[in-house]
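Colleague:
Residue numbers (the working numbering): 884 to 1490.
1) Let me know if residue 965 comes out buried or exposed under the rule of 16 or more other beta-carbons within 10 Å of its beta-carbon.
2) Would you kindly report the start and end of the unbroken beta strand (DSSP E) that includes residue 1468?
3) Note down the Cα distance separating residue 931 from residue 958, rounded to an integer number of angstroms.
4) Hey, is residue 1303 close to the ligand GTP, as in C-beta under 8 Å from one of its heavy atoms?
5) Would DSSP call residue 1155 helix, strand or coil?
6) Could you check what DSSP says for residue 1263 in three-state terms: helix, strand or coil?
7) Where does residue 894 sit, in a helix, a strand or coil, going by DSSP?
8) Starting from the C-beta of residue 1505, find all residues in its chain whose C-beta is less than 8 Å away, skip the five residues before and the five after it, and write them out in chain order.
9) So, helix, strand or coil for residue 1039, using DSSP?
10) Report, in whole angstroms, the separation of the C-beta atoms of residue 1182 and residue 961, which I expect to be a contact under 8 Å.
11) Do residue 1368 and residue 1172 count as a contact pair if the criterion is CB distance below 9 Å?
12) From 1414, 1394 and 1415, pick the residue whose C-alpha is nearest to that of residue 1405; which is it?
13) Can you tell me which of the three DSSP states residue 1417 falls into?
14) Evaluate residue 1079 with the Cβ neighbour count: other Cβ atoms within 10 Å of its Cβ, from every protein chain shown; 16 or more gives buried, anything less gives exposed.
15) Let me know the secondary structure DSSP gives residue 1101 once reduced to three states.
16) Is residue 1324 near residue 1335, with beta carbons less than 9 Å apart?
17) What is the residue span of the beta strand (DSSP E) that residue 903 lies within?
18) When the Cα atoms are used, what is the spatial distance from residue 1058 to residue 893?
19) With H, G and I counted as helix, E and B as strand and the rest as coil, what does DSSP make of residue 1253?
20) Would you say residue 1472 and residue 1279 are within 9 Å of each other, going by their C-beta atoms?
21) Compare the C-alpha of residue 1314 against each of 1040, 1347 and 902 and name the closest.
22) If you follow the alpha helix (DSSP H) that residue 884 is part of, which residue opens it and which one closes it?
23) Cα-Cα, which of 1212, 1285 and 1060 is closest to residue 1025?
24) Could you say which of 1481, 1338, 914 and 1184 lies nearest to residue 1217 if we only look at CA atoms?
25) Hey, residue 1482 and residue 1239 are a contact pair by Cβ (cut 8 Å); roughly how many whole angstroms apart?
26) Below 6 Å CB to CB, which residues in the same chain sit around residue 903 once its five sequence neighbours on both sides are set aside?
27) Go ahead and label residue 1287 buried or exposed: buried means 16 or more other beta carbons lie within 10 angstroms of its beta carbon, across all protein chains shown.
28) Please classify residue 974: is it buried, with 16 or more other beta-carbons within 10 angstroms of its beta-carbon, or exposed?
29) Residue 980: which of 948, 1009 and 1391 sits nearest, CA to CA?
30) Taking 8 Å as the threshold, find out whether the segment 1032-1040 comes into contact with the segment 884-893 through three or more Cβ pairs.
31) Could you name the residues of the same chain whose beta carbon sits closer than 8 Å to that of residue 999, not counting the 5 residues immediately before and after it, in chain order?
32) Leaving out five residues on either side along the sequence, give the residues of the same chain with a beta carbon under 8 Å from the beta carbon of residue 1233.
33) Ignore the nearest five residues each way along the sequence and tell me which others in residue 1370's own chain have a CB closer than 6 Å to its CB.
34) Residue 1156 CB to nearest chain B CB: under 9 Å?
35) Bridge partners for residue 1062 per DSSP, in chain order?
36) Can you round the beta-carbon distance between residue 1438 and residue 1469 to whole angstroms, since I take them to be within the 8 Å contact cut?
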């Protein structure tokens, strides 16, 4: 609960235009119009705002936006008008601006512009938050951003208005308008706390065990008394008719008591589900509203909703499919909101290509993409007549397939490609190149300085080896006929512990990923690259990007998920598909995901 300290500044009215404010029923409203709108019409608009806020309660951001849209249409506001408005409900502030409307906030002595122009936003408020609802006119008059910085301090809205008024009145302040709102948290009275706690207690446990056991004991005691009475009647043969009559009455009584108890129990269960649904719906609605400004808070609300549902499942006896169905609907509702907030998408997939059309024993181990050509390593394939392995070259545009079968490929661990050339690394041997004519050449000998080479990448013809054992990325520059000596990609002091790293990608910058880590380097120096994923503990099996893509893709096989980021680390979405938990490796071409699963390549449908 917040106490509102409110003050406003209103300059002289324009000869042809109007400015005004409304502060009523948790609504903060600032209006400025241009030519073609009289002061009388302006006051009519303000009166309508006051009337409508009483008749049309605002519950979320969309209802605030509809409130403003209906107001504009009903009063036929002329072009050039500006509005800055906010509505406070349950510690969430919903904001809307149009025209040159602006809303500023001072939080913990820091001033910031929340929204301006034709924009909406919402978020939780904190104790001491100070808001200014205004337009460009007032903003320019007070001296812009620096003027607001100089004005804002720890004083109340009234004290600030008292100070700035003489200076602003000395200027041309026609049409200037601003509403200052300071929100101070207040502690509810003990009575209100007691009532609130009582209400929560009633809601959290409508099945009072003591009351239930008392009713059960009472019913048992009544039953015993009736049995004793009937037994005494049975001992007297003259009262047989009376006994039969009483026995029938007793059965009717017992039937009505039992059924009545069941009805009351079912009614209590139904009421408990209803209360839980209302609470969960409120939490989910708030989660959607605050997700843009406060993702952490939104995820907490979703977690609380799940906990409330699980608690309900334990407390409610699932005696009927009706109860079970209602609880299942709650679970589905939570999942839908969670997917919407986290931008989770469950996508379908289809078979794109089957390597067995060329060789029925084909079995892909790894896949590498250069341009539109996928290089697929099959080291277990056994061509007829000799031991060996295969590197397939698959055109993703034409679906055409070529291959190189060589005995040396049998020992290959990693595959790469550049233009028409294929590359592979064989542990204990070195790096080999297969040229466009299919000729094999060792281009990098096995190096005693290597530790554990776990990934290979080519960029501009150069070769990069990810060495987990030595916490290094070795770079080999391409010459006319050969490759130069190795050098460390990193500048001095920039390397890190590679114990969790398992994957490498290059688009000009270099990305390392593994476990829950992703790190970006540019020109050998660590980049200020920060990722804020909604999942707390991802487990990255591979990172993929290229100079042709605008996004970064992180594969978590255990979750069957690929997280999609922007090149500066911002979270975009996550793609979910059953095939993602079954694959061996993946690449992305034109923002479409291709997953290698044994002998087949599957394509996951795009949006």
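Where a beta carbon is used, it is the ideal one built from N, C-alpha and C, also for glycine.
Just so you know, these numbers come straight off a predicted model, no measurement behind them.
Modeller: This is what the structure gives:
1) buried
2) 1468-1472
3) 9 Å
4) With respect to the ligand GTP, the structure shown offers nothing to examine, as it has no ligands at all.
5) Three-state result, residue 1155: helix.
6) coil
7) coil
8) Nothing can be reported for residue 1505: it is not among the residues displayed for the chain, which extend from 884 to 1490.
9) In the three-state scheme derived from DSSP, where H, G and I count as helix and E and B as strand, residue 1039 is classed as coil.
10) Incorrect: roughly 44 Å between the Cβ atoms, too far for contact.
11) Not closer than 9 Å, so no.
12) 1394
13) Coil.
14) Confidence in residue 1079 is poor, its pLDDT being 40 and thus under 50, which makes the residue's placement too unreliable to answer from.
15) Summary for residue 1101: the model assigns pLDDT 43, below 50, so the residue's position carries little reliability, and this model does not support an answer.
16) no
17) DSSP places residue 903 in the uninterrupted beta strand (DSSP E) bounded by 901-907.
18) 7 Å
19) strand
20) Residue 1279 is positioned such that its CB atom lies closer than 9 Å to that of residue 1472.
21) 1347
22) No alpha helix (DSSP H) holds residue 884; DSSP gives it neither H nor E.
23) If we check each option's Cα against that of residue 1025, 1060 comes out closest.
24) 1184
25) That belief holds up - the Cβ atoms of residue 1482 and residue 1239 are roughly 5 Å apart, short of 8 Å.
26) 914, 925 and 929
27) Buried is the call here.
28) Counting other Cβ atoms within 10 Å of its Cβ, residue 974 stays below 16 and is therefore classed as exposed.
29) 948
30) Between the segment 1032-1040 and the segment 884-893, the count of Cβ pairs shorter than 8 Å is three or higher; the stretches touch.
31) Excluding sequence neighbours, residue 999 sits near 980, 983, 984, 985 and 986.
32) 1485, 1486 and 1488
33) 1358
34) As a matter of chain content, chain B is missing from the structure shown, which is built from one protein chain.
35) 891 and 1016
36) 6 Å
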